[in-house]
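Residue numbers (the UniProt record's numbering): 1 to 269.
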Amino acid sequence: MKDKRILYVSSEVIPYLPETEISSMSFEAPRMVNNQGGQIRIFMPRFGNINERRHQLHEVIRLSGMNLVINDLDMPLIIKVASIPKERMQVYFIDNEDYFKRKATLTDEEGNLFPDNDERAIFFAKGVIETVKKLNWAPDIIHVNGWLSSLLPLYLRNYYGNEPLFSSAKIVTSVYNQDFDGTLDKDMYKKVLFDGLEDEQVKHIKKPTYVNLMKTAIDNSDAVIIAGDNIPDDLKKYLSKLEKPVLEYKNREEFSQAYQEFYTNKVLA
1 MKDKRILYVS
11 SEVIPYLPET
21 EISSMSFEAP
31 RMVNNQGGQI
41 RIFMPRFGNI
51 NERRHQLHEV
61 IRLSGMNLVI
71 NDLDMPLIIK
81 VASIPKERMQ
91 VYFIDNEDYF
101 KRKATLTDEE
111 GNLFPDNDER
121 AIFFAKGVIE
131 TVKKLNWAPD
141 IIHVNGWLSS
151 LLPLYLRNYY
161 GNEPLFSSAK
171 IVTSVYNQDF
181 DGTLDKDMYK
191 KVLFDGLEDE
201 QVKHIKKPTY
211 VNLMKTAIDN
221 SDAVIIAGDN
231 IPDDLKKYLS
241 KLEKPVLEYK
251 NREEFSQAYQ
261 EFYTNKVLA
């Protein structure tokens, strides 16, 4: 992995949010590449329950200040950054007062999904891509974790399809266990179509369930990692018919070597 550039995009990363399968792997995989001499960048949302003072987040003025259009509204993009202690790894945070100020991640106190999670996903995908463009940092691999990141492959392949910075990048999506029940906003696909995408490209998210969001990410990826030990049966069937490299589930003790070989021999080959 020496000198390879890998962009990690995740809905959660430890130590900024509690330990889950996603937050753990979104920390362990970049650390592994970093220790192998690779170059990494990590992006996540700046949820309001992240303690900025404790984790020493600070705004990056030169990257902030642009507006992203979400469903015909201008939404200001704020970029913050912090370093993971002892790891020499920087994390970039995508922030916006309307979408990420509330003191929670994806659900309210009763466990209900926030009604604007669809727009937050669109904003997050566009925010990551626009920030990487400003950094002028061309990744070899873009590794996507968590359903909030699931629109990133769709936007990269289509809305940003002619962007030279990403022309050689390979997209890997990690599929985890079922993350939410029900659906996001039923008009989510219309908000994506507003950005000029084609009807066929958003066919799955006409019913924006967890499974359909992941199918959208898989369709626009070059390779897939099964990162949960009990992913939905629908996704198992979908992956079984896929003519793309798929890495079977590896636990935390065995993932390191497997990920390195998968990146090198399957994704970049």
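Just so you know, even glycine gets a beta-carbon here, dropped at the ideal spot from N, CA and C.
Of all alpha-carbon atoms in R5, T20, D3, P245, the one lying nearest the alpha-carbon of S11 is that of T20.
Spatial neighbours of I70 in its own chain (CB-CB distance under 6 Å, excluding positions within 5 residues in sequence) are listed in chain order as E119, I122, F123.
Uninterrupted alpha helix (DSSP H) stretches at least 4 residues long and entirely within the stretch 196-229 occur at 210-219, given in chain order. Under the rule that a run must span 4 or more residues, the alpha helix (DSSP H) segments found entirely inside the stretch 115-151 read 117-135.
Where S10 is concerned, the enclosing beta strand (DSSP E) starts and stops at 5-10. Counted as a single uninterrupted DSSP element, the stretch harbouring R53 is not any beta strand (DSSP E) but the alpha helix (DSSP H) occupying residues 52-55. The C-alpha of M25 is placed about 8 Å away from the C-alpha of R252. In terms of CA proximity to I171, I142 leads the group S240, F180, I142, P164. Taking every protein chain shown into account, the CB of G111 has fewer than 16 other CB atoms within 10 angstroms, so this residue is exposed.
Remark: C-beta atoms of V128 and F47 do not approach each other more closely than 8 Å. For M75 against D108, the beta-carbon gap comes to about 21 Å, at or over 8 Å, which does not count as contact. Within the DSSP bridge table, the entry for P45 names I94 as partners.
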